[in-house]
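Undergrad: Position 220, counted from 1, in the sequence shown is what UniProt numbering calls 220; the numbers after and before it change by one each time, with no gaps.
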Amino acid sequence: GGIKMAGKEEETKKSGEETKKSGEETKKSGEETKKSGEETKEEEGLEPREPKLPTERRAPVPGTEEEAPEDVAMPRLRLLQSTSTEVQEGDSKPGTIRHSLSGEEFEKLEIIPLFLRKSRIHFDPENIKGAPVCFAPDAKMSRAGNFCLTECPFDNAHLWKDNEPPECDLVKSFPCLLLKDGKLEGDFASASFVKSSTPASQKLIYLRWKSGKPYWFYVYELFTRQKKFTKGTAYIFDIRQTRETKAQERKAAEEIFNSVRGKPVAEAEVAGGEDAF
1 GGIKMAGKEE ETKKSGEETK KSGEETKKSG EETKKSGEET KEEEGLEPRE PKLPTERRAP
61 VPGTEEEAPE DVAMPRLRLL QSTSTEVQEG DSKPGTIRHS LSGEEFEKLE IIPLFLRKSR
121 IHFDPENIKG APVCFAPDAK MSRAGNFCLT ECPFDNAHLW KDNEPPECDL VKSFPCLLLK
181 DGKLEGDFAS ASFVKSSTPA SQKLIYLRWK SGKPYWFYVY ELFTRQKKFT KGTAYIFDIR
241 QTRETKAQER KAAEEIFNSV RGKPVAEAEV AGGEDAF
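1) Does the distance from the C-beta atom of I121 to that of F135 stay below 8 Å?
2) Mind reading off the beta-carbon distance from K172 to L116? Whole number of angstroms is fine, and I expect it under 8 Å.
3) Tell me the DSSP secondary structure of E267 in three-state form.
4) Could you say which of Q88, P166, L177, V133 lies nearest to L114 if we only look at CA atoms?
5) Compute the distance between the beta-carbons of S82 and P94, then report whether it is under 8 Å.
6) Here's a check: name, in chain order, each residue in its chain whose Cβ is nearer than 7 Å to the Cβ of Q241, leaving out the five neighbours to either side.
7) Just verifying my parser: in three-state terms, what is the DSSP assignment at I128?
8) Per DSSP, which residues does Q88 bridge with? Please list them.
9) Using the DSSP secondary-structure output, state which residues sit across from C134 in a beta bridge.
10) Could you tell me whether the segment 142-151 touches the segment 176-192, using the rule of 3 or more Cβ pairs below 8 Å?
11) Helix, strand or coil for E254, going by three-state DSSP, please let me know.
12) Taking 8 Å as the limit between beta carbons, can you name the residues of its chain near D169, skipping five residues before and five after?
13) What is the DSSP secondary structure of F115, reduced to helix, strand or coil?
14) Which residues share a DSSP beta bridge with L207?
15) For P175, which three-state DSSP category applies?
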């Protein structure tokens, strides 16, 4: 009887060890599955996100109930010249970059461009600081319904002689996020390049083309420099690529891109007579 009981105890002990071993293997399998899920999550760059309410269900900020997307004006980064109003009538210096709405001024500024849009604008040479007399938001047709160049009401641009340019100016504008001390603060503005600043826009377009990535994958420094002309000197924009954007910056840039892209451009975003360019 003792031998039989001993054998039974050994079998029970053996069965318990097997059960324990099976449990450890199950636990190990669960840990591996969890680890695999974490690795997959890490590889995909996913992070837990809090559920966001649809825009129409969010409580509006008090006092903004009547605001609409078209009420938000895109500021412009102005390049002050000796003829600019703030220089002639104030304490601003030529060559300064000025935020058209906040009035902030910078010697240089870090920006994250979003996309390119082109337009044409024409000021009366006899009243250069007045409102534009012609504006084509898409650089193809004016708001009056004239096709640019071929139906220009101001000159026979389609009959150019000696490569003379039309009276209007082709403007290349880049809506941008602005960085201050290397950080995003929710501010944005349009950087517009025209006439002698056109090479800066060409450099920006080339660098984007070379990378094969969206504009907002890189941070650029926008600065100014003086250039001599036959009739004197003036300041022009220049630009240099400084670094790749961070994940948070790219996310913010893409959100602004999706909200602004495709909306009609306004003259104030493109150029102003106060700069007499």
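Glycine included, every Cβ here is placed at the ideal spot set by N, Cα and C.
Being a predicted model, the structure only gives us computed values, none of them experimental.
TA: Put simply:
1) yes
2) 6 Å
3) helix
4) L177
5) Less than 8 Å divides the Cβ of S82 from the Cβ of P94.
6) L207, Y218, Y220
7) coil
8) Answer is none; Q88 lacks a bridge partner.
9) H122
10) no
11) helix
12) The answer, listed in chain order, is R120, I121, H122, V194, K195, A271, F277.
13) coil
14) Answer is none; L207 lacks a bridge partner.
15) Three-state DSSP puts P175 in a strand.
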